[in-house]
Amino acid sequence: MKCVICKQGKTQPGTTTMTLERDTTTVVFKNVPAEVCQTCGEAYLDAATTRHLLHTAGSEEAASGSER
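The opening position of the sequence shown corresponds to residue 430 in the working numbering, with each subsequent residue numbered one higher.
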């Protein structure tokens with residue numbers, strides 16, 4: 430797929446690091462599967478991966494006692 434950020438590069442399967450923040454909680458995910466632009470490094474996640482990260486981050490937030 431063509432990168433929508435730099436409009437020059439093409440994406441290839443790879444991994445990235447994603448950081449999710451909410452209020453005082455920060456969760457960092459490493460080695461997340463993604464399509465990564467070979468020119469600028471922008472990463473694109475599929476819907477299933479995004480759902481999994483958001484679910485996991487919500488569980489981490491609840492475990493830390495930060496849930497509203």
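Just so you know, even glycine gets a beta-carbon here, dropped at the ideal spot from N, CA and C. Predicted model, so just to flag it, every value in this text is computed and none were measured.
- About 10 Å separates the beta carbons of V461 and T448, which is beyond the 8 Å limit, so they are not a contact pair.
- With respect to M430, E464 sits close: the two C-beta atoms are nearer than 8 Å.
- Taking 8 Å as the cut-off, the Cβ atoms of T468 and C432 count as close.
- Apart from sequence neighbours up to five positions away, the residues of its chain that approach T444 with a beta-carbon distance below 7 Å are N460, V461, P462 and A463, ordered along the chain.
- The residue among C466, L482 and E450 with its C-alpha nearest the C-alpha of P442 is C466.
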